[in-house]
Ligand SMILES: [Zn+2]
């Protein structure tokens with residue numbers, strides 16, 4: 003080829019040699035290059051049966067239709083490498099999983115600590131009933147299921163961590179009920195730890211400095227959180243999607259296994275409370291949690 007022709011092609015080569023916005027992220031996520039489309043400050047990546055939306059400048063993203071908080075705000079041109087790698091391991095390319103996992107269900111509070119409450123509706127009892135329903139369905143599906151406490155017990159957080167550490171499960175699932183001063187606040191949220199060095203998603207949730215035991219299991223915990231959040235949103239009752247969030251809760255920090263903490267609804271909201279108060283509502287929540295866990299262990 004004549005030198006002049008090569009020179010004429012040079013600008014074109016330069017143009018196509020440069021990565022377009024979010025092309026690098028698509029590669030890290032394990033998606034094809036043509037997965038990326040972008041519209042008005044929002045990157046959309048679609049491929050291999052998954053869809054991600056990353057509005058630039060904020061931490062709130064959408065993963066397969068579910069609200070998900072990133073560890074770093076999405077950039078104009080790409081995600082932080084650590085966020086993309088975590089989503090690849092949790093969503094696109096998960097490690098092979100055990101077919102009959104061991105699950106440790108942790109109903110929050112108990113004993114003298116009743117948790118949050120409105121009238122007769124107290125968190126410790128709601129969480130235990132939800133855990134029993136989840137246990138029944140998971141056992142029927144062949145899982146080995148234990149609970150961290152009986153209905154009338156109130157182990158400390160350290161005792162719960164010790165129980166998990168003595169015989170680490172494939173998944174640790176802590177079940178709680180939310181409360182807020184604003185009676186309009188409603189919906190479900192599922193927590194994992196943030197990545198090392200990253201802040202939590204709630205106010206004043208600053209990063210912890212040392213790597214934490216739970217951070218070794220973040221890909222699987224993230225997979226669990228997304229599957230459980232999606233199952234809770236699919237369950238009857240039209241709950242609001244408050245997203246997969248991040249916090250440094252004790253059980254998430256120190257349980258040496260994939261761990262999530264579920265806020266099943268707001269006892270301070272009339273709509274959520276109706277579901278939390280009734281035996282059917284608690285069963286619905288427990289079954290949804292079990293279906294989400296089973297989904298996470300399926301490929
Ligand atoms: Zn609680």
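Numbering (my numbering), first residue to last: 3 to 301.
Just so it is clear, CB atoms sit at the ideal spot from N, CA and C, and this is done for glycine as well.
Where does residue i sit, in a helix, a strand or coil, going by DSSP?
i: residue 283; result: helix
i: residue 257; result: coil
i: residue 274; result: helix
i: residue 289; result: helix
i: residue 153; result: coil
i: residue 298; result: helix
i: residue 26; result: helix
i: residue 209; result: coil
i: residue 263; result: strand
i: residue 93; result: helix
i: residue 109; result: strand
Please confirm whether any heavy atom of ligand 1 lies closer than 6 Å to the CB of residue i.
i: residue 178; result: yes
i: residue 110; result: yes
i: residue 121; result: no
i: residue 202; result: no
i: residue 189; result: no
i: residue 156; result: no
i: residue 117; result: yes
Identify, in the order they occur along the chain, each residue of the same chain with its Cβ nearer than 6 Å to the Cβ of residue i, setting aside the five sequence neighbours on each side.
i: residue 290; result: 233, 234 and 237
i: residue 32; result: 90, 94 and 95
i: residue 139; result: 289 and 292
i: residue 60; result: 75
i: residue 45; result: 24 and 56
i: residue 274; result: 188, 267 and 268
Name the two residues that bound the continuous alpha helix (DSSP H) containing residue i.
i: residue 103; result: First-last for residue 103: undefined, no H or E at that position.
i: residue 162; result: 159-168
i: residue 232; result: 220-236
i: residue 139; result: 125-142
i: residue 89; result: 83-89
Which first and last residues belong to the beta strand (DSSP E) in which residue i is found?
i: residue 60; result: Unbroken run through residue 60: none, as it is neither H nor E.
i: residue 177; result: 173-180
i: residue 149; result: 146-149
i: residue 194; result: 190-194
i: residue 46; result: 44-49
i: residue 246; result: 243-248
i: residue 38; result: 38-41
i: residue 68; result: 68-71
State buried or exposed for residue i, treating a residue as buried only when at least 16 other CB atoms are found within 10 Å of its CB.
i: residue 69; result: buried
i: residue 161; result: exposed
i: residue 213; result: exposed
i: residue 116; result: exposed
i: residue 283; result: buried
i: residue 202; result: buried
i: residue 158; result: exposed
Residues in the same chain with beta-carbon distance under 7 Å from residue i, minus the five sequence neighbours each way, listed in chain order, please.
i: residue 210; result: 250
i: residue 108; result: 150, 162, 174, 175, 176, 177 and 253
i: residue 279; result: 123
Under 8 Å Cβ to Cβ from residue i, same chain only, skipping five residues before and after it: list those, please.
i: residue 217; result: 195, 197 and 198
i: residue 141; result: 147
i: residue 156; result: 111, 112, 113, 114, 115 and 126
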